[in-house]
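In terms of this note's numbering, the sequence shown opens at residue 71 and continues consecutively. Beta carbons are placed, not taken as given, at the ideal position from N, Cα and C, and that holds for glycine. Predicted model only: the values in this text are computed from it and were never measured. Notes to accompany the following structure.
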Amino acid sequence: MAKRNKSLGDFLRAAARKSGRTPYAIAKQCGTTPEVVSRFLRGADIRISTAGKIAEVLGLELTQRKGK
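Here is the structure:
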């Protein structure tokens with residue numbers, strides 16, 4: 071069975087769960103609603119700008135790599 075690459079969403083969801091922070095705490099720190107964060111943690115898509123804010127709250131930095 072082929073190994074699936076983790077998506078950005080998968081990576082951020084894992085980091086959010088590992089942090090132990092509630093969706094409310096994450097949302098408050100990044101200026102969005104707890105509903106947006108909760109939906110994201112359940113697998114919904116979010117804007118890249120929101121993903122960047124969540125990453126920052128979790129102590130991560132998103133960087134863009136040049137394509138091939």
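Reduced DSSP category for residue i - H, G, I as helix; E, B as strand; rest coil
i: Ala114; result: coil
i: Glu105; result: helix
i: Thr92; result: coil
i: Ser77; result: coil
CA nearest to the CA of residue i, picked from the options
i: Leu82; options: Ala95, Lys136 and Gly113; result: Gly113
i: Arg87; options: Val107, Thr102 and Gly101; result: Val107
i: Cys100; options: Leu130, Glu131, Leu78 and Thr120; result: Thr120
i: Arg91; options: Ile116, Ala125 and Lys76; result: Ala125
C-alpha distance - residue i paired with residue j, whole-angstrom precision
i: Leu111; j: Arg135; result: 25 Å
i: Glu131; j: Arg117; result: 16 Å
i: Ser89; j: Val127; result: 10 Å
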